[in-house]
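Residue numbers (numbering that gives the first Met the number 0), protein chains in the order written: chain A, 0 to 200; chain B, 0 to 92.
Presented below is the structure to which this report refers.
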Amino acid sequence: MPSRSPKQPQDGAAADGKAADAFDRLYRDHVDRMYRFARRLCGSPEDAKDLVQETFLSAYRSLKDFRGESSVSTWLYTIAAHACQRMRRKRKGEPERELSLDALIPTSDGDMPLQVPGEELSPEERLQYKELRHSLFSAVHKLPKKYRMVLVLRDMEGLSAREVGAVMGLTERAVKSRLHRARLFVRHELGGQRAAAPAED
Amino acid sequence: MTTRRRTVRTPHRHSKVRCRKILRTLSEYLDNDLPKSVCREIRKHLGLCPNCEVFVQTLKRTINLCQKSDVARLTASDKTKLRKEILSAASRV
């Protein structure tokens with residue numbers, strides 16, 4: 000159960016009170032978005048909560064320095080991306096591997112075709128679609144983190160390549176290169192699934 | 000009389016090298032990040048190469064699937080608990 004914080008601000012804490020108000024607003028407006036991002040990035044709910052906590056803790060400490068040069072959400076994504084790197088280093092995860100474009104582009108005609116679904120989805124196809132979403136989640140989590148971060152920010156969170164570059168400290172060119180590899184990898188992983196997503200208009 | 004050997008030319012010469020070159024640019028093609036003339040060339044190739052056409056369709060589906068993916072939300076009590084933990088950690092420093 001939530002515990003209520005005392006209503007009275009602490010001594011001489013007008014500034015602190017202001018900061019707390021600003022934090023509350025920030026938290027209320029962005030916690031859902033940051034948790035969604037963290038879940039997509041980390042996979043498990045517990046790791047995602049840890050990342051959200053780290054992110055908002057850092058944001059709380061640097062709120063007074065935020066000058067509005069980027070949008071608040073881009074600023075929070077940047078903090079979360081750094082926090083994620085820090086947490087990863089702490090856990091001493093396996094070193095990042097590179098994705099080779101050549102390995103992801105088919106070399107023979109035979110391994111290129113993948114079934115494309117029809118326009119309408121039957122109940123059975125809906126079930127397959129659900130399974131496909133599950134496979135997508137697994138495929139995304141097989142991606143090395145630096146590729147996963149780009150894919151999640153660009154294709155799932157909907158940031159532009161430029162914004163992703165700002166969050167990750169990369170050039171737009173580098174973002175596009177990683178994004179293409181990440182998409183090809185996920186496509187390749189989903190290749191085993193003969194079901195596919197419903198067609199777009 | 001000289002006989003001239005006539006070479007039969009197909010309108011589009013399928014080339015694996017060309018396919019691979021195109022497959023390398025498909026994300027930018029799908030994101031509309033390429034110049035119009037390059038897009039025209041790619042469209043022309045896709046119309047003539049069924050394998051690349053299938054590849055581009057499946058890549059497009061993969062991107063759509065990512066764009067539509069959703070994850071579970073935090074519960075209201077988790078949000079409150081997390082907020083409390085953040086403020087408590089902030090006050091310790």
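Glycine included, every Cβ here is placed at the ideal spot set by N, Cα and C.
Since the model is a prediction, treat every value here as computed from it, not as a measurement.
Simplified DSSP state of residue i, which is helix, strand or coil
i         : result
GLU130(A) : helix
PRO44(A)  : helix
LEU98(A)  : coil
PRO122(A) : helix
ARG66(A)  : coil
ASP28(A)  : helix
ASN31(B)  : coil
ASP77(B)  : helix
GLN114(A) : Reliability fails at GLN114(A), whose pLDDT of 47 lies under 50, so the model's placement of it is uncertain and no value is given.
VAL55(B)  : helix
ARG72(B)  : coil
ARG35(A)  : helix
ASP108(A) : Unreliable placement is indicated for ASP108(A), whose pLDDT of 47 sits below 50; no coordinate value is reported for it.
PRO143(A) : coil
ARG88(A)  : helix
SER72(A)  : helix
GLU156(A) : coil
ARG186(A) : helix
GLY16(A)  : helix
CYS48(B)  : coil
THR24(B)  : coil
Residue nearest to residue i in terms of C-alpha spacing, selected from the options
i         : options                                    : result
LYS145(A) : TYR128(A), ARG182(A), HIS133(A), GLN127(A) : ARG182(A)
ALA217(A) : ASP20(A), VAL30(A), ARG172(A)              : A query on residue 217(A) cannot be resolved here, the shown segment of chain A reaching from 0 to 200 and no further.
ARG27(A)  : ALA75(B), SER90(B), ARG60(B)               : ALA75(B)
LEU47(B)  : ARG82(B), VAL37(B), CYS18(B), ARG72(B)     : CYS18(B)
ARG39(A)  : GLU156(A), MET167(A), VAL163(A)            : GLU156(A)
HIS140(A) : SER43(A), GLY16(A), VAL163(A), ARG24(A)    : SER43(A)
ALA21(A)  : GLU162(A), ARG32(A), ARG60(A)              : ARG60(A)
THR73(A)  : VAL166(A), ARG66(A), ASP23(A)              : VAL166(A)
LYS175(A) : LEU100(A), GLU68(A), MET86(A)              : LEU100(A)
GLU53(A)  : PRO122(A), TYR128(A), ARG85(A), ARG132(A)  : ARG85(A)
ARG82(B)  : SER121(A), HIS187(A), ALA58(A)             : ALA58(A)
PHE36(A)  : LEU75(A), GLN127(A), LEU178(A), GLY16(A)   : LEU75(A)
PRO49(B)  : LYS80(B), LYS15(B), LEU73(B)               : LYS15(B)
THR77(A)  : HIS179(A), HIS187(A), LEU169(A)            : LEU169(A)
TYR179(A) : ALA102(A), TYR128(A), ARG132(A)            : Note on residue identity: the sequence assigns His, not Tyr, to residue 179(A). The shortest Cα separation from HIS179(A) among ALA102(A), TYR128(A), ARG132(A) belongs to ALA102(A).
LEU131(A) : GLU188(A), ARG88(A), LEU158(A), LEU25(A)   : GLU188(A)
Neighbourhood of residue i by C-beta, 7 Å cutoff - its chain only, sequence neighbours within 5 removed
i         : result
LEU33(B)  : THR24, GLU27
TYR34(A)  : ALA47, VAL51
GLU171(A) : ALA160, ARG161, GLY164
GLU52(B)  : LEU45
GLU59(B)  : Before going on, a small fix: residue 59(B) reads as Lys here, not Glu. Result list for LYS59(B): LEU29, in chain order.
CYS41(A)  : ALA47, LEU50
ALA82(A)  : LEU50, GLU53, THR54, SER57
Beta-carbon proximity list for residue i, same chain, < 8 Å, skipping 5 on both sides
i         : result
LYS63(A)  : ALA18
PRO143(A) : GLU95, ARG96, GLU97, LEU98
ASP77(B)  : none
6 Å Cβ shell around residue i - same chain, five flanking residues per side excluded
i         : result
VAL185(A) : ALA138
GLN45(A)  : The residue you asked about is not Gln; residue 45(A) is Glu in the sequence shown. Cβ neighbours of GLU45(A) beyond the five flanking positions: none.
Anything in the segment 38–72 of chain B with a Cβ closer than 9 Å to a Cβ of chain A? List those residues in chain order, please. PRO49, ASN50, CYS51, VAL53, PHE54, GLN56, THR57, LEU58, LYS59, ARG60, THR61, ILE62, ASN63, LEU64, CYS65, GLN66, LYS67, SER68, ASP69, VAL70, ALA71, ARG72
According to a CB-to-CB cut-off of less than 7 Å, which residues of the segment 138–157 of chain A neighbour chain B? LEU150, ASP154, MET155
Residues within the segment 16–28 of chain B neighbouring chain A, beta-carbon criterion of under 7 Å: ARG19, LEU22, ARG23, SER26, GLU27
Could you check whether the segment 52–71 of chain B touches the segment 141–158 of chain A, counting it as contact only if at least three pairs of C-beta atoms, one from each stretch, sit closer than 8 Å? yes
Residues in the segment 164–187 of chain A having any Cβ partner in chain B nearer than 8 Å: LYS175, LEU178, HIS179, ARG182, LEU183, VAL185, ARG186
Which residues, in order along the segment 76–88 of chain B, keep a beta-carbon less than 9 Å from a beta-carbon of chain A? SER76, ASP77, LYS78, THR79, LYS80, LEU81, ARG82, LYS83, GLU84, ILE85, LEU86, ALA88
Any C-beta of chain B within less than 9 Å: which residues of the segment 18–33 of chain A qualify? ALA19, PHE22, ASP23, TYR26, ARG27, VAL30, ASP31
May I ask you to list, following chain order, the residues of the segment 41–64 of chain A that have a beta carbon less than 8 Å from some beta carbon of chain B? PRO44, LYS48, VAL51, GLN52, PHE55, LEU56, TYR59, ARG60
What are the residues in the segment 73–86 of chain A lying within 8 Å of chain B by C-beta distance? none
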